[in-house]
Amino acid sequence: MRHRGLAALTVGALALGVAACGGSANGETSSSDAGGKLSGTIKLDGSSTVAPLSEAAAEMFQADNPGVRVTVGTSGTGGGFEKFCNAETDISDASRQIEADEVDACKKAGIAYEEVQVANDGLSVVVNKANDWVTCLTVPQLRKIWEKGSKLDNWNQVDASFPDKELELFGPGTDSGTFDYFTGAVNGEEGNSRTDYQATEDDNVTVQGVAGSEGGLGYFGLSYYEQNQDKLKVVQVDGGSGCVTPSKETVQDGSYKPLSRPLFVYPSDKALARPEVQAFTKFYLDNAERIAAQALFVPLTADQEAASRQKVDSLAKG
Amino acid sequence: MSISQGGEAAATAGTARVRAVLAVKPRWGERAVLGSLVLCALLSVATTVAIVVALLEPTIAFFRHVSPIEFLTTTEWSPLFSDPEFGVLPLLSATLVLTAIALCVALPFGLGSAIYLSEYASPRTRGLVKPTLEVLAGIPTVVFGFFALTFLTPLLQDVWFLPGDPPGVFNALSAGLVMGVMIIPTVASLAEDAMAAVPHDMRAGSFALGATKLSTTVRVVVPAALSGIVAAFILGVSRAIGETMIVTIASGGTPNLSFDPAEAMQTMTAFIAAAGIGDQPTGSVGYQTIFAVGTTLFAITFLMNMLSVRIVRRYREVYE
Amino acid sequence: MSDLAGPNPAPEGLYAQPARAAEVLGRQRLRERAKNALFRGLLLFSLLLGVVALVVLLADVLDRGLGHVWQVVTSFPSGLPARAGAQSAIMGTIWLMALVALFTIPVGVGAAVYLEEYADRSRRWNRLIEVNIQNLAAVPSIVYGILGLGFLVRGFVGLGQTLLAGALTLSLLVLPTVIIASREALRSVPDSIRHGSLALGATPWQTTWRQVLPAAIPGIATGTILGLSRAIGEAAPLILLGALTFVTFNPEGLNSAFTALPIQIFNWISRPQDEFKLLAAGAILVLLVILLSMNAFAIWMRSRYQKRW
Chain A
1 MRHRGLAALT
11 VGALALGVAA
21 CGGSANGETS
31 SSDAGGKLSG
41 TIKLDGSSTV
51 APLSEAAAEM
61 FQADNPGVRV
71 TVGTSGTGGG
81 FEKFCNAETD
91 ISDASRQIEA
101 DEVDACKKAG
111 IAYEEVQVAN
121 DGLSVVVNKA
131 NDWVTCLTVP
141 QLRKIWEKGS
151 KLDNWNQVDA
161 SFPDKELELF
171 GPGTDSGTFD
181 YFTGAVNGEE
191 GNSRTDYQAT
201 EDDNVTVQGV
211 AGSEGGLGYF
221 GLSYYEQNQD
231 KLKVVQVDGG
241 SGCVTPSKET
251 VQDGSYKPLS
261 RPLFVYPSDK
271 ALARPEVQAF
281 TKFYLDNAER
291 IAAQALFVPL
301 TADQEAASRQ
311 KVDSLAKG
Chain B
1001 MSISQGGEAA
1011 ATAGTARVRA
1021 VLAVKPRWGE
1031 RAVLGSLVLC
1041 ALLSVATTVA
1051 IVVALLEPTI
1061 AFFRHVSPIE
1071 FLTTTEWSPL
1081 FSDPEFGVLP
1091 LLSATLVLTA
1101 IALCVALPFG
1111 LGSAIYLSEY
1121 ASPRTRGLVK
1131 PTLEVLAGIP
1141 TVVFGFFALT
1151 FLTPLLQDVW
1161 FLPGDPPGVF
1171 NALSAGLVMG
1181 VMIIPTVASL
1191 AEDAMAAVPH
1201 DMRAGSFALG
1211 ATKLSTTVRV
1221 VVPAALSGIV
1231 AAFILGVSRA
1241 IGETMIVTIA
1251 SGGTPNLSFD
1261 PAEAMQTMTA
1271 FIAAAGIGDQ
1281 PTGSVGYQTI
1291 FAVGTTLFAI
1301 TFLMNMLSVR
1311 IVRRYREVYE
Chain C
2001 MSDLAGPNPA
2011 PEGLYAQPAR
2021 AAEVLGRQRL
2031 RERAKNALFR
2041 GLLLFSLLLG
2051 VVALVVLLAD
2061 VLDRGLGHVW
2071 QVVTSFPSGL
2081 PARAGAQSAI
2091 MGTIWLMALV
2101 ALFTIPVGVG
2111 AAVYLEEYAD
2121 RSRRWNRLIE
2131 VNIQNLAAVP
2141 SIVYGILGLG
2151 FLVRGFVGLG
2161 QTLLAGALTL
2171 SLLVLPTVII
2181 ASREALRSVP
2191 DSIRHGSLAL
2201 GATPWQTTWR
2211 QVLPAAIPGI
2221 ATGTILGLSR
2231 AIGEAAPLIL
2241 LGALTFVTFN
2251 PEGLNSAFTA
2261 LPIQIFNWIS
2271 RPQDEFKLLA
2281 AGAILVLLVI
2291 LLSMNAFAIW
2301 MRSRYQKRW
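Here it is in structure tokens:
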């Protein structure tokens, strides 16, 4: 039958076309070492907050070492650790520290690792641009707004001098490392938070929510504020020693507290035994400043960098 | 095999005919074909078994920690906060509200489009419009979600005229309406195919008796195609219940036991998505809640489908 | 009119007053025409809603993304919006769709043929399979992701986080839709066709293969379009399986690491920089083009085999 022939031809053409397109960023189709001494594949997975950092590192590293393939996934900090302790990834991205169950899982699988800090972030508290009554909030005030069981729904309940405006809260959902860190720092316990705020996994949506609501208040990483300064106003935070605006400097010197947080990667000992992974991790730390700048985070201080380097060295040797 | 045997057996169009043929002279080719076809059908069973197995263990572990009564009757859902509450009712009500809104759009408009395309449109129009609708089905649900959030919600806020608060940034109405529009092609395409397959003799006979096009369509064509139309509806409902991205993005992540569509609410699927792609350590109670909610969803759709299969069977009309 | 009372009885009621009768019937005809016109108008309105929604969406996406399509197609992912593209995701999506079609069409149609042509409907086992398939159509896509992770990537089949595992998971997701649509297509083929074929001495399989299936191709094509349309836009199950968000090479085989367009789109939309949102619009356009080409092929098949009885 003539249409069978035509169908077969189409399928064949499609298959050929697809097979012919096995290109890559560097024009390499195999992992031979033409163009760079190193070759191999490095797998990262984990927090979607830390992913932009790892992606920036991967991109820059691959430009110098075209023989190496670096891939980054975003299964979440928990999902990343699960794969990491299952020996499916080489390095785990994390926006929080590894937890007890995960430590056990890795131990059972015989995987040793180190906690390597690669950047800093400042969690920013933002309000609507038209909000002209608040410039600074103390941690106790933030706690009053956000703690579990809080029923505050008006700005004048936060401080008597504030006007009578409805308080609308936006923030990340419970699965976000940002949520964990904020609740831990402000309310004293991770996960301790009121439940009736507008939660979302996408910080851009929080931006939109606060920008669209006169009495809106939200929190997320510094980069989302810096990219939306035309729509939002950032609130200074008083951690006990005066009101501080989040910025690269105040996060690095520690004065923006308690909402400065470290961001980590966890390489495994087995992975570090491979030359390309070692080179990549070294590259990550050598270029920490450039990488943080591209990913819109706050870079490490000299001390933090030295500490991280030491950890990597000890893991590689031990 | 005689013609009368064929005629009689064909009345059930089933095993009787096959057995009659195979009994006369076993054809191994036929048996092989039958075998491979059975395998294909069994794959669907294997999938369900696999899903049940994947869901079951963590669900059982969860219910050892939280009693099913508490799960089904508590009115607050905050399992991942530090003082967790495990009542699934807010998620259930949200799924119901959103599905209802979506179906109010998808079923009438889908069926209406299908009827127009099948009975009234010229072949050229049909050839142009049907693929256009199908493109609508291919737009990633992420895009629909953001469309609801950034375009429809502000629009609704501006034109709100009903009593009560206007919708906030997240609300069920935007998500439901957009979800309905997304499902229209599914319903329309299948229903239209069903109506196109109704033999033309039936329409001709109806016209010959003096019926108008309206009567013919409503009283002859639609009932004849009912099985296909109901299948289209059921597929639409299934899509609505199982939709994840649109509701996550446009209806929000705050569980809320309410039937007011202007409010934000989190459906079962939105919860599974948010928690599943998130940071829960494997084996923790938080992780297990994903499976518990998943099992609940599975059970509800199963019951609903059993009911609808029974209804379809009763009302299906067979012509010829 | 009452029962006939003999040859040519005198006309009764309205029929005895021709002038008035004409007036009443005329009004009735007008009412009928108005009803018909109203009905037709309502139907057209229903149709237009979907079309208008699509046009509005497309206009928005085109406006934002058209200028960026070239960059999206030719570059690979990057942290810098000026350099970023999605070629790896485009190739990943194309490979995935090809594999999904290859798997779901034979298996889906096979299952539908079994259920419609061979199975004894009165047995409980077959009814259970029916309900089962409809149930699977409602399972949220992320549960298929969990399934894929548990059985295809790890565990029983153990394929690892590869293209093949992703394609198989998506195939399972799409299979119920294809089966349901194919069943309806098979049901709509009149039994007289089958009877005729059997009467002429053909075996059940010959009847199915040469008569029933070709007649059912339009419906099967529709089901395939609907299924693939859904698969092309799914991100959540793939992320769970291990599709990555940052891959700088095209898939190299069934065992390759991979990414897909919906994942890249979702990733870009969630970035703080506004330029990424424009790139996301460009990627959406590319996705729609791929979808349209798939659909065009299926539609061609459909119109070629369309029969009106």
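Residue numbers (the working numbering), protein chains in the order written: chain A, 1 to 318; chain B, 1001 to 1320; chain C, 2001 to 2309. We put the beta carbon where it would ideally sit given N, CA and C, even for glycine. This structure is a prediction, so every number in the text was calculated from the model and none was measured.
- Membership of aspartate 238(A) in the beta strand (DSSP E) is indicated by the continuous run 232–238.
- With at least 16 other beta carbons inside 10 angstroms of its own, tryptophan 1077(B) counts as buried.
- Close partners of arginine 2187(C) in chain B (Cβ separation under 8 Å): Ser1227 and Gly1228.
- Between aspartate 159(A) and chain B, the shortest Cβ-Cβ separation is not below 9 Å.
- Of Arg1219(B), Pro1185(B) and Met1202(B), the smallest CA-CA separation from leucine 2048(C) is found for Pro1185(B).
- Relative to the Cα of histidine 1200(B), the nearest Cα in the group Leu1117(B), Val1220(B), Pro1084(B) and Ala1274(B) belongs to Val1220(B).
- In this structure, DSSP gives proline 2140(C) a state outside helix and strand, which the three-state scheme calls coil.
- Rounded to the nearest angstrom, the gap between the Cα atoms of serine 2303(C) and alanine 1270(B) is 39 Å.
- The closest CA to that of phenylalanine 1302(B), considering only Leu2057(C), Val2052(C), Pro2140(C) and Leu2168(C), is found on Pro2140(C).
- Interface flag for aspartate 202(A) against chain B is set, since a Cβ pair is found closer than 9 Å.
- Taking 9 Å as the CB threshold, glycine 1283(B) lines the interface with chain A.
- The alpha-carbon of alanine 2181(C) is positioned some 54 Å away from that of phenylalanine 283(A).
- DSSP places tyrosine 224(A) in the helix class (H, G or I) of the three-state scheme.
- For phenylalanine 1086(B), the three-state secondary structure derived from DSSP is strand.
- Not a single C-beta of chain B is nearer than 9 Å to the C-beta of tyrosine 219(A).
- The continuous alpha helix (DSSP H) containing tyrosine 181(A) extends over residues 177–187.
- When C-beta distances to chain B are compared with 9 Å, the residues of the segment 183–198 of chain A below that value are Thr183, Asn187, Glu189, Glu190, Gly191, Asn192, Ser193, Arg194, Thr195, Asp196, Tyr197 and Gln198, in chain order.
- Nearest Cα to phenylalanine 1233(B) within the set Thr1267(B), Val1129(B), Glu1134(B) and Ser1189(B): Ser1189(B).
- In the three-state scheme derived from DSSP, where H, G and I count as helix and E and B as strand, phenylalanine 2246(C) is classed as strand.
- DSSP places phenylalanine 170(A) within a strand segment (E or B) once states are collapsed to three.
- In the three-state reduction of the DSSP assignment, alanine 295(A) falls in the coil class.
- Interface criterion met: the Cβ of alanine 58(A) is under 9 Å from a Cβ in chain C.
- Annotation for phenylalanine 1062(B): Gln1288 and Ala1292 place their beta carbon closer than 6 Å to its own, counting only its chain and skipping 5 residues before and after.
- DSSP, reduced to helix, strand and coil, places aspartate 202(A) outside both helices and strands of the structure shown, so it counts as coil.
- At a beta-carbon threshold of 7 Å, the residues of chain C lying near methionine 1306(B) are Val2131, ordered along the chain.
- For the segment 1246–1267 of chain B, the set of positions with a beta-carbon nearer than 9 Å to some beta-carbon of chain A reads Thr1248, Ile1249, Gly1252, Gly1253, Thr1254, Pro1255, Asn1256, Ala1264 and Gln1266 in chain order.
- By the Cβ-count criterion, glycine 1210(B) is exposed, with fewer than 16 other Cβ atoms from all chains shown falling within 10 Å of its own Cβ.
- Sequence-ordered contacts of the segment 123–157 of chain A with chain B read Lys148 [C-beta pairs closer than 7 Å].
- When Cβ-Cβ separations below 9 Å define contact, threonine 2074(C) makes no contact with chain B.
- DSSP places glycine 76(A) within a helical segment (H, G or I) once states are collapsed to three.
- From the beta-carbon of alanine 51(A), the residues of chain C found nearer than 8 Å are Thr2245 and Phe2246.
- Per DSSP, reduced to three states, the secondary structure at phenylalanine 2156(C) is coil, with no helix or strand assignment.
- Around leucine 142(A), the same chain offers Val186 as residues with beta carbons nearer than 6 Å, after the five sequence neighbours per side are excluded.
- Counting every other CB atom within 10 Å of its CB across the protein chains shown gives glutamate 1119(B) a total of 16 or more, marking it as buried.
- CA-CA distance, leucine 1091(B) to aspartate 196(A), rounds to 14 Å.
- Nearest to glutamate 214(A) by alpha-carbon distance, out of Val1169(B), Arg1203(B) and Ala1175(B), is Val1169(B).
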